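In the numbering used here, the protein residues as written are 487 to 969.
Written as structure tokens, this is what we have:
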């Protein structure tokens with residue numbers, strides 16, 4: 487009981503860093519887990535801890551996810567519960583880790599967990615676990631550019647479902663893969679999986695059609711036998727008419743089933759086609775913008791006078807577009823790569839860098855808690871420097887600039903930059919963080935890409951950048967990041 491209480495305390499500490507909108511689910515799963523582990527119901531407990539880990543992963547709290555999984559490992563070890571005795575329990579925990587590494591795009595670690603899952607599924611001898619293994623293997627190979635291996639796994643899974651005539655489960659497996667491909671904006675994977683799905687769907691429709699035809703033939707043979715028997719009696723002709731009526735009704739039923747299958751396939755095709763087109767449009771729009779910038783503008787700029795201010799502005803705009811693309815394609819740093827930063831010194835150094843840009847009489851105020859914070863310091867600095875440079879640019883003489891830091895949770899850090907400048911009109915608040923949202927850009931007044939780049943960087947840090955819409959004087963930007 488003492489170990490269970492210790493686990494509850496550790497989990498409570500981990501939960502303090504999870505977003506408010508997942509707190510309820512996390513707490514519910516942890517509560518269920520505590521009851522189940524106390525009753526030595528290990529498989530339900532493993533499933534509950536996996537759902538709690540999913541809640542952590544949904545807000546990119548990977549450290550919390552691995553912590554709750556690891557705690558159950560310790561409990562099992564202390565009670566001498568091994569993978570040989572309960573392989574299904576260890577499979578469930580390995581799958582939870584696999585999901586976390588997949589979300590983190592850590593392919594090698596995900597592959598290691600997949601290998602463990604295969605061993606546990608084989609030891610368990612469970613068809614359900616083998617099906618789960620095949621699905622997750624297909625998901626891994628598709629996501630890591632190995633569609634051939636992914637096809638082998640999903641084909642084997644579908645054959646098992648088909649052999650059991652569980653077409654609903656097979657359809658659900660395909661739908662889940664396609665949905666995941668669409669949500670990850672992977673148009674190639676969507677098209678590949680959708681093509682395989684349609685081939686399978688057509689084959690199942692053919693099987694169903696053959697089955698329906700065979701059933702009609704059987705009914706017809708039975709009716710013929712009835713006709714032969716009744717033909718020997720005075721009521722033979724009446725029996726013959728009744729038989730043909732039955733056949734007619736059966737044919738109408740078969741026709742109705744065929745129409746139902748047809749409209750179902752049409753609706754399914756339309757939904758999936760729309761998903762593919764949406765993913766393609768997003769990818770094509772981004773590629774078109776970058777392609778036009780690099781292939782059309784750059785060669786022309788090379789022929790112009792580099793000392794011309796307009797040419798310099800265009801080159802700067804080109805660099806901004808390239809930076810936007812680089813940040814969008816960047817991979818967030820692993821948790822172990824973050825560094826401990828002295829927050830007060832970190833903020834003071836930023837202020838020192840922008841002092842030469844200040845107008846006469848402008849004062850800069852720092853309000854930062856003493857201590858350290860575990861951050862991706864380079865990325866946070868790039869965001870804050872842009873905000874401070876903007877504040878220095880727009881704050882008039884004798885104005886004020888404020889840089890504030892507050893710790894909002896065990897792993898949540900919040901910075902804010904405020905100034906006494908003219909501010910930003912409220913009608914623009916909804917679009918200032920969206921690139922290319924203002925249509926034609928007048929480079930004399932800025933390229934409009936600085937804040938969108940900063941917002942994109944904040945998202946890569948597992949946080950967000952927003953403007954304080956309640957402030958009526960000046961502008962206040964709030965940066966929230968997670969360790």
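All C-beta atoms, glycine included, are put in the ideal place defined by N, C-alpha and C.
Quick caveat: nothing in here was measured; it's all calculated off a predicted structure.
Residue nearest to residue 562 within the set 800, 510 and 529 is 529 (criterion: CA-CA distance). With respect to the 8 angstroms criterion, residue 574 and residue 551 are not classified as neighbours on the basis of their beta carbons.
Contact check for residue 544 against residue 518 fails: the beta carbons are separated by 8 angstroms or more. Beta-bridge pairing by DSSP links residue 952 to 964. Of the residues 628, 909 and 862, the one whose Cα lies closest to the Cα of residue 944 is 862. Going by C-alpha positions, residue 942 is about 25 angstroms away from residue 828. Look at residue 902 here: in three-state DSSP terms it is strand.
At the C-beta level, residue 646 and residue 617 come within 8 angstroms of one another.
With 16 or more other Cβ atoms from the protein chains shown falling within 10 Å of its own Cβ, residue 546 counts as buried.
Taking the Cβ atoms as the reference, residue 885 lies roughly 5 angstroms from residue 848, within the contact range of under 8 angstroms. The beta-carbon distance between residue 818 and residue 613, rounded to whole angstroms, is 38 angstroms. This is too long to meet the 8 angstroms contact definition.
Inter-residue distance for residue 708 and residue 728 is about 13 angstroms (C-alpha atoms, whole angstroms). By the neighbour-count criterion, in which a residue is buried when 16 or more other Cβ atoms sit within 10 angstroms of its Cβ, residue 815 is exposed.
Closest option to residue 869, judged by alpha-carbon separation, among 759, 966 and 740: 966.
The three-state reading of DSSP puts residue 942 in helix, counting H, G and I together. When DSSP reads this structure, residue 849 sits in a beta bridge with 886. The beta carbons of residue 888 and residue 853 sit about 7 angstroms from each other, so the pair counts as a contact at 8 angstroms.
For residue 630, no alpha helix (DSSP H) run applies, since DSSP gives it neither H nor E. For the options 915, 934 and 921, the alpha carbon positioned closest to that of residue 957 is the one of 915. Secondary structure of residue 828 (DSSP, three-state): strand. Residue 880 is positioned such that its CB atom lies closer than 8 angstroms to that of residue 908. Here residue 577 is actually not in contact with residue 539; their C-beta atoms are around 14 angstroms apart, not less than 8 angstroms.
Judged by DSSP in its simplified three-state form, residue 750 adopts helix.
Annotation: the continuous beta strand (DSSP E) that includes residue 861 extends over 858-861. The beta carbon of residue 953 sits closer than 6 angstroms to the beta carbons of 915 and 963 from its chain, once the five residues preceding and following it are set aside; these are given in chain order. Assigned with DSSP and collapsed to three states, residue 708 falls in helix.
Around the CB of residue 756, fewer than 16 other CB atoms lie within 10 Å, so the residue is classed as exposed. In chain order, 519, 522 and 523 place their CB closer than 6 angstroms to the CB of residue 531, counting only its own chain and leaving out the 5 sequence neighbours on each side. If you draw a straight line from the Cα of residue 906 to the Cα of residue 841, it comes to about 16 angstroms. For residue 960, same chain residues with a beta-carbon under 7 angstroms away, outside a window of 5 residues either side, are 904, 905, 906, 907 and 909 in chain order. Per DSSP, reduced to three states, the secondary structure at residue 892 is strand. For residue 950, same chain residues with a beta-carbon under 7 angstroms away, outside a window of 5 residues either side, are 944 and 966 in chain order. In the three-state reduction of the DSSP assignment, residue 854 falls in the strand class, which pools E and B. Non-local C-beta neighbours of residue 595 in its own chain, meaning closer than 6 angstroms and more than five positions away in sequence, comprise 587, ordered along the chain. If you look at residue 554, you'll find it in the alpha helix (DSSP H) that goes 548-564. Where residue 575 is concerned, the enclosing alpha helix (DSSP H) starts and stops at 573-589.
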